[in-house]
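Colleague:
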Amino acid sequence: MRQVQKIGVTSENICGKSVFTFDSHHEALLPWAQCARDLGYAPRLLTLDYHSDTRPAFVGHSSVDITMGMDDEGWEERAAAEVAKIDFRVEETVRDAILNLRFDEHISAAVQSRTIDIAFAIVGGLITNEYQSNEQLAAESEWSERAHDTPGVSKPKAPPPYTYSIPAERIVELPRQKVWPNDQPRSKGYANQALESHFLRRHLDFIESISQSSGIPGLFEAPFILDIDLDYFNTRQSIQPVDHELFHELIRRADIITIAREPKCVIACQKPGEKLTSDWLETELKRHIREALSTSPSEDDLTTPEQTSA
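Start counting the sequence shown at 1; every next residue gets the next number (full-length UniProt numbering).
#1: Ignore the nearest five residues each way along the sequence and tell me which others in R290's own chain have a CB closer than 7 angstroms to its CB.
#2: My assumption, with CB atoms under 8 angstroms, is that E173 sits in contact with Y131. Please give the rounded CB distance.
#3: If you reduce the DSSP assignment to three classes, tell me which class F58 lands in.
#4: If we count Cβ pairs, one from each stretch, closer than 8 angstroms, do we get three or more for the segment 89–98 versus the segment 124–139?
#5: Would you give the residue range spanned by the alpha helix (DSSP H) that N13 belongs to?
#6: How many angstroms separate the CA atom of F224 from the CA atom of L46?
#7: Any chance you could list the alpha helix (DSSP H) runs of at least 4 consecutive residues sitting entirely within the segment 222–308, in chain order?
#8: Along the alpha helix (DSSP H) that carries I207, what are the first and last residues, could you check?
#9: Below 8 angstroms on the Cβ atoms is my contact criterion, and I expect F58 with A79 to pass it. Report the Cβ-Cβ distance as a whole number of Å.
#10: State the CB to CB distance for the pair L276 and F233, rounded to an integer number of angstroms; the pair is presumed to be in contact (CB under 8 angstroms).
#11: Name the DSSP bridge partner or partners of I107?
#12: Per DSSP, which residues does L48 bridge with? Please list them.
#13: Measure the CB-CB distance between L285 and I256 and report whether it falls below 8 angstroms.
#14: Note down, in chain order, each residue of its chain lying with its Cβ closer than 6 angstroms to the Cβ of P263, except the 5 sequence neighbours on either side.
#15: Can you tell me whether A84 is buried or exposed, with buried defined as 16 or more other CB within 10 angstroms of its CB?
#16: Which term fits T295, buried or exposed, when burial requires 16 or more other beta carbons within 10 angstroms of its beta carbon?
#17: With a Cβ-Cβ cutoff of 8 angstroms, do I116 and P161 count as a contact?
#18: Measure the Cβ-Cβ separation of L195 and H244 and say whether it is below 8 angstroms.
#19: Does T67 come out as helix, strand or coil in the three-state DSSP assignment?
#20: If we ignore side chains and look at the alpha-carbon of each, how far apart do W19 and I216 end up?
#21: Please report the Cβ distance between L29 and A110, rounded to the nearest whole angstrom; I am assuming they are in contact, meaning their Cβ atoms lie under 8 angstroms.
#22: Just how far apart, CA to CA, sit E208 and R202?
#23: For S154, is the classification buried or exposed, using 16 other Cβ atoms within 10 angstroms of its Cβ as the cut-off for buried?
#24: Just to confirm my understanding: we take E135, look at its own chain, exclude 5 residues before and 5 after, and list those with CB closer than 6 angstroms. What are they?
#25: For V19, which residues does DSSP report across the bridge?
#26: Sort out for me which residues DSSP pairs E173 with in a bridge.
#27: Using 8 angstroms for Cβ pairs, my map puts F220 next to R253. What's the rounded Cβ distance?
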């Protein structure tokens with residue numbers, strides 16, 4: 001997640017699927033733009049990552065005082081000017097942008113520049129801006145306005161039914177999903193579920209609920225990129241699920257697959273005693289890709305009845 005000085009993206013064809021691998025997640029902008037050029041319009045993004053990676057684009061580059069960050073006056077105008085330079089149809093503008101991006105800014109840059117249409121993020125670690133229903137947003141807004149007069153009142157939980165909208169920034173950080181046997185988020189047990197079909201299905205069902213309520217096509221009704229940061233895998237079991245069928249279906253359905261190796265983050269984010277490396281995780285992930293693409297697609301309907309979540 002460091003600033004990129006030299007762009008190094010490896011491209012390979014695995015059983016007919018274009019797969020791009022790189023060390024820093026910022027470099028994903030290059031194959032994402034290539035996908036958009038090939039399609040003639042912006043695809044969607046489904047990203048699996050330990051981190052949210054949703055910092056505003058170019059906030060680091062545009063801050064005169066780096067310690068101030070978003071408190072540095074005028075950074076927004078300078079950042080907007082950098083975004084305006086990106087044209088996915090012109091590769092050199094994308095390369096220039098990558099050189100000026102800092103950690104966790106690539107998704108914002110992609111969406112703001114219309115290289116990516118909408119980004120859906122399944123996050124293993126801390127969720128920066130968890131997506132909420134319209135009803136929950138309204139309830140919290142009202143609660144916030146009253147907080148000064150009635151301190152100590154806990155944040156409300158809006159009752160169902162729920163409706164959903166695509167946020168203005170067009171980045172959806174999907175909320176936590178309950179897993180059996182009730183493992184807590186960021187625990188080893190929770191991390192082990194990373195690719196299990198029941199875990200991914202809960203997230204995909206919620207994406208379907210958002211899509212239907214917002215009046216946009218479902219995830220599989222428009223081209224999408226499957227993006228995976230290897231630091232999403234914090235245990236060996238997390239990349240060796242008992243039931244991988246839904247993950248393999250995602251592999252088959254994706255237009256392209258992008259893989260961020262992030263070796264330092266893999267070391268930092270893994271659970272104690274797991275001895276994970278980017279090299280080993282990359283090998284395991286590409287094994288999944290080969291297996292998924294060498295077997296017949298599932299005929300199961302991946303969209304299930306709408307899930308209710310605040």
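A virtual CB, placed ideally from N, CA and C, is assigned to each residue, including glycine.
Please read these numbers as outputs of a predicted model, since none were measured by experiment.
Modeller: Quick look at the numbers:
#1: Excluding residues within five positions, the ones whose Cβ falls inside 7 angstroms are I14, C15.
#2: Taking C-beta atoms under 8 angstroms as the contact rule, E173 and Y131 qualify, at a distance of about 6 angstroms.
#3: Look at F58 here: in three-state DSSP terms it is coil, with no helix or strand label.
#4: Taking a cut-off of 8 angstroms for Cβ pairs, the segment 89–98 and the segment 124–139 do not touch, as fewer than three such pairs fall below it.
#5: Unbroken run through N13 is the beta strand (DSSP E), 10–14; no alpha helix (DSSP H).
#6: About 7 angstroms.
#7: Those alpha helix (DSSP H) runs which fall completely within the segment 222–308 and span 4+ residues are 245–253, 263–269, 278–293.
#8: Following the DSSP letters along the chain, one finds I207 inside the alpha helix (DSSP H) bounded by residues 197–214.
#9: 4 angstroms between Cβ atoms; contact.
#10: Beta-carbon to beta-carbon, L276 and F233 are separated by about 7 angstroms, close enough to satisfy the 8 angstroms threshold.
#11: Paired residues: none, contrary to the question.
#12: L48 pairs with I122, I228.
#13: In this structure, L285 keeps its C-beta atom at 8 angstroms or more from the C-beta atom of I256.
#14: For P263, the CB contacts under 6 angstroms within the same chain, skipping 5 residues up- and downstream, are S278 in chain order.
#15: Burial call: exposed.
#16: Exposed: under 16 other Cβ atoms inside 10 Å.
#17: It is not a contact, given that the beta carbons lie outside the stated cut-off.
#18: For L195 and H244, yes; Cβs fall inside 8 angstroms.
#19: Its pLDDT being 48, under 50, T67 is placed unreliably by the model, and nothing is read from it.
#20: Checking the sequence shown, residue 19 turns out to be Val, not Trp. A direct Cα-Cα distance of roughly 27 angstroms separates V19 from I216.
#21: So it is a contact: roughly 6 angstroms between Cβ atoms.
#22: Distance between the alpha carbons of E208 and R202: 10 angstroms.
#23: Looking at its Cβ environment, which holds fewer than 16 other Cβ atoms inside 10 Å, S154 is exposed.
#24: A158, Y162, listed in sequence order.
#25: V19 is bridged to E12, I257.
#26: Partner residues in the beta bridge of E173, as assigned by DSSP, are A121, E130.
#27: Yes, F220 and R253 are in contact; Cβ-Cβ is about 6 angstroms, under 8 angstroms.
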